[in-house]
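Asks: Whatever position you read off the sequence shown (first residue = 1), add 72 for the working numbering.
First the structure, then my questions, so here it is.
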Amino acid sequence: MKIAVLKERRADERRVAATPETVKKFTALGAEVVIEAGAGAAVHIQDNDFQAAGAAIAANAADALAGADVLLKVRRPIMPGEEGPDELGLMHAGQVLIAMLNPLIRRADCDAYAAAGIDAYAMELMPRISRAQSMDVMSSQANLAGYKSVLDATEEYGRALPMMMTAAGTIAPAKVFVMGAGVAGLQAIATARRLGAVVSATDVRPVAKEQVQSLGAKFVMVEDEESAQAETEAGYAKEMSEAYKKKQADLIAETIAKQDIVICTALIPGRAAPVLVDAAMVASMKPGSVIVDLAVENGGNCALSEMGQVIDVNGVKIIGHANFPARLAVDASNLYARNLFNFLSPHIDGETGALSFDFEDETVSGVCLTRDGAVIHPMLSAKE
73 MKIAVLKERR
83 ADERRVAATP
93 ETVKKFTALG
103 AEVVIEAGAG
113 AAVHIQDNDF
123 QAAGAAIAAN
133 AADALAGADV
143 LLKVRRPIMP
153 GEEGPDELGL
163 MHAGQVLIAM
173 LNPLIRRADC
183 DAYAAAGIDA
193 YAMELMPRIS
203 RAQSMDVMSS
213 QANLAGYKSV
223 LDATEEYGRA
233 LPMMMTAAGT
243 IAPAKVFVMG
253 AGVAGLQAIA
263 TARRLGAVVS
273 ATDVRPVAKE
283 QVQSLGAKFV
293 MVEDEESAQA
303 ETEAGYAKEM
313 SEAYKKKQAD
323 LIAETIAKQD
333 IVICTALIPG
343 RAAPVLVDAA
353 MVASMKPGSV
363 IVDLAVENGG
373 NCALSEMGQV
383 IDVNGVKIIG
393 HANFPARLAV
403 DASNLYARNL
413 FNFLSPHIDG
423 ETGALSFDFE
433 DETVSGVCLT
443 RDGAVIHPML
453 SAKE
C-alpha cells in the first residue's frame with residue numbers, strides 16, 4: 073500500500089498530515105509513504121527528516137499521488153473553480169481520501185468525490201466513543217484552539233490577567249467568560265484560570281456544569297426542562313427553541329456587560345454557528361475588552377466578527393483569526409498525524425501491508441462519506 077501526503081495549499085493552513093514519527097510507524101507496518109516536497113516546511117519538518125524516517129519525497133502533488141492508494145490531508149482538496157490548483161483532479165478512481173472534509177456544510181463536494189470514484193473519509197465525523205478517542209481530530213485540534221484563544225486574547229487585552237498586589241497598589245484580576253464548554257471551551261477555562269483570571273462559562277448542556285465547576289469556574293445557564301435535553305447522543309449541543317434562546321440571551325447579556333474577555337466556542341455540527349453575542353452586547357462591554365470568536369469560520373458566534381480579522385468596535389477588540397489550531401501548527405500537526413495513524417493502522421495487514429477497511433467497525437462506517445462511486449453516509453443521504 074502506498075500512502076501519499078500533500079503540502080497543504082489553503083490560505084492560513086500550516087499543518088501537515090504526517091510527521092516523521094507516523095511515517096516510521098506506517099513503514100513498520102509495510103506501507104510505502106510518499107511526501108510531497110516541502111509539505112512539512114511550515115512546521116519545521118524538512119524533507120530529509122521525512123526521508124530519514126523512511127519516506128520518499130515527490131517533487132510535486134501529481135508525482136506524490138501517482139499510484140497512491142491513500143491520500144492523507146489536513147483540509148479538503150481544492151476543487152475545480154476554487155483558488156489554487158485542482159487537487160481533486162489529480163486523484164484517480166479507487167483512491168482513499170482521509171482528511172477533515174466538512175461534509176455537512178459542503179455537501180456538493182461529497183457528490184464530486186463519488187463521481188470521481190474516490191472513497192472519502194471525513195475525520196471530523198469520528199464517533200465520540202471511548203475506543204475512538206485517540207482518533208478524534210475534533211478534540212485534538214479544539215483543545216489547542218481553546219488554549220490559543222486565551223493567549224490571543226491576552227495579546228489584545230491591555231492589562232494583566234491575574235490579581236497583583238504591589239507596593240503601588242492592587243491590580244484586580246481580569247474577568248473571562250467562556251461561551252461553550254466543549255473541548256475548546258474547557259481548555260480555554262483551564263488556561264485562563266492558570267493565568268489567574270476570574271472565569272465563568274456557559275453551555276446549553278447541563279452536563280457541562282460539573283465540568284466547568286471542576287476547573288474552578290462559575291457556571292452560567294438558564295436551567296429548565298428544555299435544557300435538561302440539550303445534548304445529542306453523540307455528545308454535541310442541540311439547537312434550542314426560540315423561547316429558550318431568548319431567556320438564555322437575556323442572562324448572557326447581563327453577564328457579558330461585566331466581562332473583560334469573552335471567548336466564543338459554540339458550534340453545531342452541520343449548521344452555521346449560533347450567534348450568541350449581538351451588537352448590543354458588544355456595545356455593553358467597556359472599552360479595552362476583548363472578544364475571541366473561535367466559530368468565525370462557520371459564521372461566528374459574535375455578530376460583528378470578521379473572518380481573518382481583528383477589528384475594533386468602539387474600543388472592544390473582536391478577534392476572528394482563521395484556523396486557530398494552525399496557529400500552533402507544530403503541536404496540531406503532531407496530534408493530527410497521530411489521529412490519522414490511529415485510525416488507519418488497525419486496517420493495515422501487518423504482514424502484507426495491504427489496506428482493508430472493516431465496515432462493521434463504527435470508527436470506519438461513522439466517517440466514510442463515499443464508497444464505490446456512491447454517497448453512503450446516512451447523515452448525507454438524509455440531505456438528498
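For every residue, glycine included, the Cβ atom is placed at its ideal position computed from N, Cα and C.
Owing to the predicted nature of the structure, the values given are computational and were not obtained by experimental measurement.
#1: Ends of the alpha helix (DSSP H) at Y408?
#2: Just to confirm the assignment, what range does the alpha helix (DSSP H) spanning M210 have?
#3: Using only the alpha-carbon positions, how far apart do E483 and K330 sit?
#4: I'd like the list of long-range same chain contacts for G425, defined as Cβ closer than 7 Å, with 5 residues on each side in sequence excluded.
#5: With distance defined between alpha-carbon atoms, name the residue in R443, N120 and V354 nearest to N386.
#6: State yes or no: is the C-beta of P92 within less than 8 Å of the C-beta of A130?
#7: Is there contact between the region 259–277 and the region 285–293, where contact requires at least three CB pairs shorter than 8 Å?
#8: Whole angstroms are fine: how far does the CA of C182 sit from the CA of A194?
#9: DSSP on K79, reduced to helix/strand/coil?
#10: Relative to the alpha-carbon of A114, which residue among Q167, E155, A89 and S202 has its alpha-carbon at the smallest distance?
#11: Could you tell me which residues DSSP pairs with S272 in its beta bridges?
#12: Can you find the residues in the same chain that come closer than 6 Å, C-beta to C-beta, to N414, ignoring five residues on each side of it along the sequence?
#13: When you compare only the Cα positions, how much space is there between T274 and E378?
#14: Count the other C-beta atoms from every protein chain shown that fall within 10 angstroms of the C-beta of S361, then say buried if there are 16 or more, exposed otherwise.
#15: Pairs of beta-carbons, one from the region 131–147 and one from the region 158–170, closer than 8 Å: are there three or more?
Replies: In terms of the structure at hand:
#1: Translated into positions along the sequence shown, residue 408 becomes position 336. Taken as a continuous stretch (DSSP letters only), the alpha helix (DSSP H) holding Y408 covers A401 to L416.
#2: As a first step, residue 210 is located in the sequence shown; it is residue number 138 there, counting from the start. Per DSSP, M210 is one residue of the alpha helix (DSSP H) stretching across V209 to E228.
#3: Residue 483 is absent from the structure shown; the chain starts at 73 and stops at 456.
#4: Position 353 of the sequence shown, counting from 1, holds the residue named residue 425. Excluding the 5 residues flanking it on each side, G425 has same chain C-beta neighbours closer than 7 Å at M73, L101, G102 and A103, in chain order.
#5: For the purposes of this step, residue 386 is taken as the residue at position 314 of the sequence shown. For N386, the nearest C-alpha among the options comes from V354.
#6: Position 20 of the sequence shown, counted from the start, is the residue given in the question as residue 92. Position 58 of the sequence shown, counted from the start, is the residue given in the question as residue 130. Annotated as distal: P92 and A130, with beta-carbon spacing of 8 Å or more.
#7: The region 259–277 makes contact with the region 285–293, as at least three CB pairs between them are under 8 Å.
#8: Numbered from 1 along the sequence shown, position 122 holds the residue referred to as residue 194. Numbered from 1 along the sequence shown, position 110 holds the residue referred to as residue 182. Straight through space, the alpha carbons of C182 and A194 are spaced by roughly 10 Å.
#9: Reading the sequence shown from its first residue, position 7 is the one you call residue 79. Coil.
#10: In the sequence shown, counting from the first residue as 1, residue 114 sits at position 42. Comparing Cα-Cα distances from A114 to each of Q167, E155, A89 and S202, the minimum goes to A89.
#11: Here residue 272 is taken as the residue at index 200 of the sequence shown, counted from 1. Its beta-bridge partners are F249 and K290.
#12: On the sequence shown, residue 414 is found 342 positions in, with the first residue counted as 1. For N414, where only same-chain residues beyond five positions count, the Cβ hits under 6 Å are S206 and M207.
#13: Here residue 274 corresponds to residue number 202 of the sequence shown, with the count starting at 1. Here residue 378 corresponds to residue number 306 of the sequence shown, with the count starting at 1. Rounded to whole angstroms, T274 to E378 spans 23 Å at the Cα level.
#14: Looking up residue 361 in the sequence shown gives position 289. Classification of S361: buried, given that the 10 Å Cβ count is 16 or more.
#15: Below 8 Å, enough C-beta pairs join the region 131–147 and the region 158–170 to call them touching: three or more.
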